[in-house]
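Below is one structure, written out as structure tokens, with a few remarks after it.
Protein chains: 2
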Amino acid sequence: MLSLSSCLDIITREIIILKDENKQPVELYQPIHYILGLEGKRLRPALTLMACNLFTDDISLSVKPALAMEVFHNFTLLHDDIMDNAPLRRNQPTVHEKWNNNVAILSGDAMQILAYQLICQAPSSKLKVLIDIFNTTAIEVCEGQQFDMNFALRNDVSLEEYIRMIELKTSVLIAASLKIGALCGEASETDAQKLYEFGRNLGIAFQIQDDYLDVYADHKLFGKTVGGDIVENKKTFLLIKALELAKGQQALTLQNAINSRIFDVAEKVMQVRQVYDDLNIPQSARASISAYSEKAFGFLDSVIVPDERKTILRQIALELINREK
Amino acid sequence: MLSLSSCLDIITREIIILKDENKQPVELYQPIHYILGLEGKRLRPALTLMACNLFTDDISLSVKPALAMEVFHNFTLLHDDIMDNAPLRRNQPTVHEKWNNNVAILSGDAMQILAYQLICQAPSSKLKVLIDIFNTTAIEVCEGQQFDMNFALRNDVSLEEYIRMIELKTSVLIAASLKIGALCGEASETDAQKLYEFGRNLGIAFQIQDDYLDVYADHKLFGKTVGGDIVENKKTFLLIKALELAKGQQALTLQNAINSRIFDVAEKVMQVRQVYDDLNIPQSARASISAYSEKAFGFLDSVIVPDERKTILRQIALELINREK
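Residue numbers (our numbering), protein chains in the order written: chain D, 744 to 1068; chain V, 744 to 1068.
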């Protein structure tokens, strides 16, 4: 079985191959090489390779599709960063900051096509089924991003709507990365779908953990400002749950925090966090993370391959959910 | 054989089917329905259907791929309009004006995926070959757009570079629309490639005609301001050719026109047009249009189907090249 670091080595090598310096016009390709070189977690392509590796020792057929998932993910980051007006990505200037908005729009467009070119390098017998999964997932990610933007303008988002949004924006791509890898490894449709469900539930747990860490992480470990979501009134699991439960003075405190245009950042974070604590929101979040994780692991358990082949995938999933940054 | 208006009826019907009003979130899908409803020439999907119809009376298999070409083309318009900061498209507000930039970016992204979903509805035996053509074409269109943006910042663009740019930005999509239609109609690879070359040369002629009309159209027929390209110093066939040929006072007039930041619009158009006239630029443009058209028709002539099946395609090509608006 391949280790995580072997998988990451394969991805790194493939990204270097992708960086053909002779491609013209350089203004289109440089930003693509730049964002792919920023070295994120590369979780999605690693999951594709590992899902393939569950079923076969020869993972070569899953390499280009794995890369497709990474390129697509980075395309969404590139365009999301324009929409969010974000100055930094992985502690480096975002593409629209380093170049400009037009470059970021067009390079993103080209990355989406590049992702399709990579998925089309899958074995032709699997092309139709893989591209159908990819198409469905890609459009769902766009839908998720739009729901997220809509939620920024609403104060009545339900927890159910929120979970559906993060499922679309985050989970389905993790799920599809696993399913596509499994199918490249000749998994049965049933097993491939179980891996999809493993990824879908894991992705939801992962995002709620993200929301949780934004408020409750140890700032020495976290690497970004704790409480950023509170400052921006971001509709997270924590805020939505708190808005649902808060009554009287607590509700008033939350409403004031959300509506105040001029505020002391530290004070706002402290006040909202106090309401969260009083309402046992961190416990709710952790319970929800546990519930989705358990569901996820249930699906992984039911995949019909020897248990020892699942060790690495299980370990990575645990690390994702229990991470502190 | 299908008439142009029958082809357009098919496309209109398909676009109505595409407008599923129940799709959520509406904020993502409304702009897509809006731009597809603006009713442009719908040249590309019509060419796909007609190319298929050259080889078979049953064009049904080419309908979804035809629609893919139209959706992809409209995606490029949507994102180009953001980049150009264009207020109007087909005399209606552009998507980024009617909504905002973020909506336009994300809806455009979704349209690109939608185009792939449509091309994937081609018969599965042809999927690989069609999607390979589509991928190559799509990335070339992005490259063309980037070259076009680069040229705006340069004054030393050669005619050869310019032709290559319009080939990428405009012609290859017309060419691919024809080739994809032909392949859906069971054309041989040779005939399909001849139709590609027909479209490629036709597209170049079409774009030079566009440049020509911007300066020499009858403003009563043209429907937009004559001379817009001159006002914006757009690197067109006319300006590039004139910059190549101009000497002495003519060169000075052109340089002054390009470099002046404050100018009288009518005077600038008149002065540049006078240089064009003195250098026989309109004759050059028309000669070039004729040369590319002749090449195009040569390819159409050599396609091995009875000549009478080519009548409509030939007629449409002639209309495109001889149009006065």
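No residue lacks a Cβ here, since even glycine has one placed at the ideal position from N, Cα and C.
The model shown is predicted, which means the values in this text are computed figures rather than measured ones.
query, result
"Interface partners of V/HIS822 on chain D, CB under 8 Å", "ILE848, LEU849, ASP852"
"Neighbourhood of V/SER931 by C-beta distance below 7 Å, restricted to the same chain and skipping five residues each side", "none"
"Residues, ordered as in the chain, of the region 859-890 of chain D that lie near chain V by beta-carbon distance below 7 Å", "TYR859, GLN860, CYS863, SER867, LEU870, LYS871, ILE874, ASP875, ASN878, ALA881, ILE882, CYS885, GLU886, GLN888, GLN889, PHE890"
"Opposing strand residues paired with D/LEU831 [DSSP bridges]", "D/PRO836"
"Integer Cβ distance of V/CYS885 from D/ILE856, believed to fall under 8 Å", "7 Å"
"Through-space distance from D/HIS839 to V/ILE775, alpha-carbon basis", "24 Å"
"V/LYS984 beta carbon less than 8 Å from that of V/ILE1024", "yes"
"Chain-ordered chain D contacts of V/MET892 [CB-CB under 7 Å]", "ASN845"
"Cβ neighbour criterion (16 or more within 10 Å) applied to D/GLN998", "exposed"
"Proximal chain V residues relative to D/PRO768, where beta-carbon distance stays under 7 Å", "GLU886, GLN889, PHE890, ASN893"
"Proximity test, Cβ basis, 8 Å: D/GLN855 and chain V", "yes"
"Chain-ordered neighbours of D/ILE1047 on chain V, where CB pairs are closer than 9 Å", "Neighbours of D/ILE1047 on chain V: none; closest Cβ ~28 Å, over 9 Å."
"Whether D/GLY797 touches D/ALA925 by CB criterion (8 Å)", "Looking at the sequence provided, one finds Leu at residue 797 of chain D rather than Gly. Yes, Cβ-Cβ distance for D/LEU797 and D/ALA925 is below 8 Å."
"Cβ-based burial, V/ILE759 [other Cβ within 10 Å; buried from 16]", "exposed"
"For V/THR799, the three-state DSSP class (helix, strand or coil)", "coil"
"The region 1032-1064 of chain V: positions lying closer than 7 Å to chain D by Cβ", "none"
"Cut-off 6 Å between Cβ atoms - residues of its own chain near D/PHE890, not counting five sequence neighbours on either side", "MET908"
"Residue burial classification, V/ARG785 (beta-carbon count within 10 angstroms, cutoff 16)", "buried"
"D/TRP910 burial status per 10 Å Cβ neighbour count (16 or more: buried)", "One point to set straight first is that residue 910 of chain D is Glu, not Trp, in the sequence displayed. D/GLU910 should be labelled buried."
"Near-chain D residues of the region 913-931 of chain V - C-beta to any C-beta below 7 Å", "none"
"Buried or exposed (CB count within 10 angstroms, at least 16 for buried), D/GLN888", "buried"
"Distance, D/ASN878 Cα to V/ASP800 Cα", "31 Å"
"Proximal residues of chain V, C-beta to C-beta of D/ILE758 below 9 Å", "Neighbours of D/ILE758 on chain V: none; closest Cβ ~18 Å, over 9 Å."
"Three or more C-beta pairs below 8 Å linking the region 1042-1057 of chain V and the region 975-990 of chain V", "no"
"Contact with chain V by D/ILE825, beta-carbon distance below 8 Å", "yes"
"Through-space distance from D/ARG1057 to D/PHE1040, alpha-carbon basis", "8 Å"
"Neighbour flag for D/LEU771 against chain V, beta carbons, 8 Å", "yes"
"Continuous alpha helix (DSSP H) stretch holding V/GLY783: start and end", "Counting along the chain, V/GLY783 falls outside any alpha helix (DSSP H), and DSSP gives it neither H nor E."
"Cβ contact (3+ pairs, closer than 8 Å) linking the region 811-828 of chain V and the region 833-848 of chain D", "yes"
"Cβ neighbour criterion (16 or more within 10 Å) applied to V/ASP852", "buried"
"Host alpha helix (DSSP H) of V/GLU903 (start-end)", "902-909"
"CA-to-CA distance, V/LEU995 to V/SER1003, given in whole angstroms", "12 Å"
"Closest by C-alpha distance to D/LEU921, when choosing among D/GLU770, D/PRO788, D/ILE1064, D/PHE1006", "D/PRO788"
"As assigned by DSSP and simplified to three states, the class of D/ILE1047", "coil"
"Rounded C-alpha distance that separates D/TYR720 from V/MET744", "Here chain D comprises residues numbered 744 to 1068, so residue 720 of chain D is not present and cannot be evaluated."
"Ordered list of alpha helix (DSSP H) runs contained in the region 908-959 of chain D, each at least 4 residues", "915-927, 932-959"
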